[in-house]
Ligand SMILES: Nc1ncnc2c1ncn2[C@@H]1O[C@H](COP(=O)(O)OP(=O)(O)OP(=O)(O)O)[C@@H](O)[C@H]1O
Ligand SMILES: Nc1ncnc2c1ncn2[C@@H]1O[C@H](COP(=O)(O)OP(=O)(O)OP(=O)(O)O)[C@@H](O)[C@H]1O
Ligand SMILES: [Mg+2]
Ligand SMILES: [Mg+2]
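Protein chains in written order, with this note's numbering: chain A, 13 to 266; chain B, -1 to 248; chain C, -1 to 248; chain D, 28 to 311; chain E, 28 to 311.
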């Protein structure tokens, strides 16, 4: 607790923000207070390392865009799959990454695109949908350059809805979200493949967001480093995130 | 009686609780000019609108050439072709030139060819000194010219009777004369005319008979000499006195 | 000349290229009633508006009690207190009762107490037979009543001279009389009056002098007997003939 | 009806030919209207459910269970719309009046005010409200304001106030300009100053005249409050969106639509009524 | 000016007292206006950058680098707004006219049409456009339509067409009702049928009269096209949003606002001009 004393928003309390709503598998049932879900668990683990028990953690909600704009914040830190980008780092501070993942392409068997070859030329021909805030749009443009214009949506639910309505052929998510969506939300969904880790902006490093210059950042960074070295992080990953081991990698050379 | 061109029998008309025509009976013969006079709100305009079937009467009969045109459900459009009407506020269609105003009804109602009606319209305009205004929009005309054009527009449908509702009262005093001239001309040509007017001098000069309306009642029908010389009713006297006091002071 | 209440010297006024007052010179003496007559657009209203400083004149002088009120930059508000004006379209304020209409200017301009002005206003209303309409909104009044209320409103500022612009021409013929009566009454009480009118009979009866305007020119000033009996100018004759033909036919 | 009236005036009369005809015609047209409307509705009720996909539509849009589950929460979320609306409306009214008067300034010394008003109106009328909301509601709090001064409620409302005050300033201006020159002449000729004329003669009439337009703009404002959901506040639209995601079903949006219908139709009807009344007065 | 005019009429006259005064007054007021405006602007230019936080504002909202990087893409995204706009506008116009005429029906047999029009207008006027867009643009394609019939472009445009046709039907209705009874009387007294009267006399005048309002609604439509971004299409607002997320900077929104300003101000000015012209005609 000594590191963070006097640096939190409310004395003796850690105020953590997440999305509204917060999505599975990052937060289960939109209830971060329960500690269920990857990000909720990570948040409580970090809090624990910093000396705050469950009773001294309070949650607030922010929109995705609201969190990464400049200015004072109503939270100590915010986690909702923010990719660490240099442009963003100019106006807010990021913790060290708490999770690293790749982007994956989800298709549905309903529209006959499930057999698209998992190669660059294959995915190029698809009509993509993506979340507008989730750096996916820029990734598509720089790494894939799809032939048809991409449709963008405000959140995961709308993106999935567009895929199910056949308005797009494929959508792009980070791998855990893709795994969840295909396993739970869609009965005919399929992951076509994940992008290799060596193309632009991939892999994605998720970091917690702080107001620019927040001194709390170093405390959190220390806590995260501890969690990585003592195995806490791996345990949480194993508990909440399905394994992406079987997902094919898209061949960027074809 | 049945030789009347237009015959009103016991006309009644109310707007809600307000009785505007109370049992009005009058005949207009072919070629006759009958004037309606009376105070504001006495029901002159309403009576004319009823004759043209623009407002339905509540009770009574309107006979045109002996045919009751006021039977409920009677198709008004053929009747209106035979009855021309001109209003106080000139009511030309502002988005059409004078010629287009005149041609509209013959083309759309009588389905006449544009060329035929153009010829006829130009002849009419010529007769009333408006030929040079044929291609002008109404807002470029003086009030008198507009009113004359409105009369020509009604005439182009070749009506058998014309109803004129205070056609001069929205005009500047200097422009009144030119419109009255047109009416004199129509009368000279044998048109049957029924007109509501405030121009007592004109009514006296030109009408065959004058009807005095007061609060929806037809109080007196008389030739103009009698009406203006020796009116029977006290109310007629009073009305004429009041109006003539300012109009004829000099 | 300098004993004139109001004195117009070589007034010129143009709207863009249109000259509406061309070098007009006329004096109005205390207690005198001067009528302006002339065709539509001859500049009567403009002249009255200029006197009340509602429109600035281009050239010339307007002297009120010998003081040039037309000096550019002269504060118009004190002048307007001394000059009452009533318009053709009655222009009562529709959102105020008659009494409120009358009280507004004395309260806001003269800063009189509400009670004092109420007494005075009621006395005026009583004099002109409108006392029972004090708490009525203008739209419930007849045109004649509205116009009389507008005159009372102007009188409540205790002006030294009244300008009346065709105050009867928007009225039904029957209602003209009551307004003319009010003007007669004002004259009898010694008010200085300048009025534009189309009522030739009235002008003839009541005015001390008559001015004939034509196309912005003041063609003729004469006592009414002369003006209506033996006008000098051909144009005056022509105008009077045209107007009187319809107005005085009977 | 007609008969009662006659009786009331103490003159019971047999129905005239016209009355008889009109009564018959009224009955006939009522019958025709009823029959044709009933037929049309019957067709709808019978045919629509037979259309392919109707079941899917019903499941997605008119799902009773979902509606019952979500409606109470939607309704309570709508109170936030109402609070924001009632907070913004008076501010809009006052600001709009000030801007309209600035726009009307004629004194050269005050010309910067006029210039400001012109630019203000032009800029805020031309930008989509949602963009103004993003810019102000997201942007200003981002400048380092401290809580509670960075609240999206405050800045979102400010965005609405700015946008709508520009619209309504124009409404006021139109109203002021619609007051006939002769009213101004009459006021000036009585010796009233420019300011008194504005305050006692022009403005009261102008505002009265634009009331129907104002009501319509207030309805638009209430609807646009929903756009604030994009910067955070969980009002009815966002709440419906959350439920839509949760149930993968559009019924919550239909629920929100119903709430707006019920809230705005009376206001719209009222505006229509006022407008019709004014029109009737003007043409009389 | 005045002197030239005098000369042109061949009567060169010395400037009158009034002319001299007015020239002086004009010069003086120009001077005052210029000085006060310049002072106001100078104050702005000097004071604003001194305000605390101005640098933050500048960095977040007026970031030249970001603007340069994003503006060309924003502009090309705006073409999508224009395409959707020009696709929707004619459909709106026609549909609105049809609905307005249906609303005006008096024949009892056609009463269901009137009823339909009333419900149509009421419902679509009361629901926020964004809600209509969600319901139609997201909901209908979700019913299992096959490409290309499930395109959000199509259904988004349909949503706009529905919403705006309701507004504009009301505009047309107001226009039709504003045509004075006496014009109808005149047409009927000439023997024109109800339909001919509508077509040749009432509608041409009504439409002409509502042109300014129509232009204003078209401006509103162009602004509301931006709302289609919520169901997928990457038009200028969405493009700006993507850049905003990317750069964590609001300058792209300012860029979008500039584009809307430039696109709509001429239209707004045109509508104002038309409105002023009509008002002038009416009071003459
Ligand atoms: N459509 C209507 N609805 C209700 N009342 C009406 C209607 N038309 C006319 N009236 C009323 O009927 C009465 C007679 O009106 P009408 O216009 O026939 O009088 P008028 O003799 O033509 O008067 P004026 O000389 O002013 O033209 C008036 O009291 C008027 O208010
Ligand atoms: N504000 C104005 N701007 C331009 N022209 C004007 C203005 N006011 C009046 N006029 C023009 O000046 C001329 C004189 O108008 P004015 O109203 O003074 O005539 P009038 O004698 O009062 O006519 P009327 O008998 O019709 O009232 C007309 O041609 C008119 O069109
Ligand atoms: Mg009448
Ligand atoms: Mg005049």
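Ideal Cβ placement from N, Cα and C applies to all residues, glycine included.
Taking the CA atoms as reference points, residue 104/C sits about 28 Å from residue 129/D.
Against residue 240/B, the close residues of chain C are 172, 175, in the order they occur along the chain (beta-carbon pairs closer than 7 Å). In the structure shown, residue 237/E adopts helical secondary structure according to DSSP, grouped into three states. In terms of CA proximity to residue 109/B, 220/E leads the group 262/E, 271/E, 240/E, 220/E.
Taking the beta carbon of residue 248/A as reference, no residue of chain E falls within 9 Å; the closest one sits roughly 27 Å away. If you draw a 10 Å sphere on the C-beta of residue 146/D, you find fewer than 16 other C-beta atoms in it, and that means exposed.
For the pair residue 260/E and residue 271/E, the CB atoms are not nearer than the 9 Å cut-off. In the structure shown, residue 44/B falls within a helical segment according to DSSP collapsed to helix, strand and coil. Looking from the CA of residue 95/C, the closest CA among 84/C, 71/C, 120/C belongs to 120/C. Nearest in C-alpha terms to residue 74/A, of all of 99/A, 62/A, 34/A, is 34/A. Per the coordinates, the alpha-carbon of residue 152/B lies some 9 Å from the alpha-carbon of residue 216/E.
In this structure, DSSP gives residue 38/A a state outside helix and strand, which the three-state scheme calls coil.
DSSP lists 193/B, 208/B as the bridge partner or partners of residue 33/B. In the structure shown, residue 15/A adopts coil according to DSSP, grouped into three states. Straight-line measurement puts the Cα of residue 223/B at about 19 Å from the Cα of residue 24/B. Taking 9 Å as the threshold, the shortest C-beta distance from residue 87/E to chain A falls below it.
Residue 53/B has its Cβ no nearer than 8 Å to any heavy atom of ligand 3. The beta-carbon of residue 305/E is placed no less than 9 Å from the nearest beta-carbon of chain B. Close CB contacts of residue 192/D within its chain, under the 7 Å cut and outside five residues either way in sequence, are with 119, 122, 123, 126 (chain order). A check of alpha carbon separations from residue 238/A across 265/A, 124/A, 59/A identifies 59/A as the nearest. Within chain E, the C-beta atoms nearer than 7 Å to that of residue 166/D come from 87, 88, 277, in chain order. Look at residue 29/B: its C-beta is not under 9 Å from any C-beta on chain C. Look at the segment 261 to 290 of chain D: the residues with a C-beta under 9 Å from a C-beta of chain A are 261, 265, 268, 269, 271, 272, 273, 275. Nearest C-alpha to residue 70/E among 249/D, 277/D, 240/D, 139/D: 139/D. No Cβ of chain C is located within less than 9 Å of the beta carbon of residue 60/E. Beta-bridge annotation (DSSP): residue 217/A is paired with 112/A. In summary, residue 133/C is exposed, with fewer than 16 beta-carbon neighbours lying within 10 Å of its beta-carbon over all protein chains present. In this structure, residue 81/B keeps its C-beta atom at 9 Å or more from the C-beta atom of residue 115/B. Under the DSSP assignment, residue 170/A falls in the alpha helix (DSSP H) whose first and last residues are 168 to 176.
At a cut-off of 8 Å, the beta-carbon of residue 13/C counts as near ligand 2: some heavy atom of the ligand is closer than that. Set against 8 Å, the gap from the CB of residue 45/B to the closest heavy atom of ligand 1 is smaller. Annotation: the continuous alpha helix (DSSP H) that includes residue 62/A extends over 50 to 62.
Listed in chain order, the positions of the segment 9 to 40 of chain B with a beta carbon within less than 7 Å of a beta carbon of chain C are 37, 38. The segment 46 to 60 of chain B makes no contact with the segment 174 to 186 of chain E: fewer than 3 CB pairs, one atom from each, lie closer than 8 Å.
Looking at 249/A, 182/A, 164/A, 179/A, the one whose alpha-carbon comes closest to that of residue 269/E is 164/A. Residue 235/C has its Cβ no nearer than 8 Å to any heavy atom of ligand 4.
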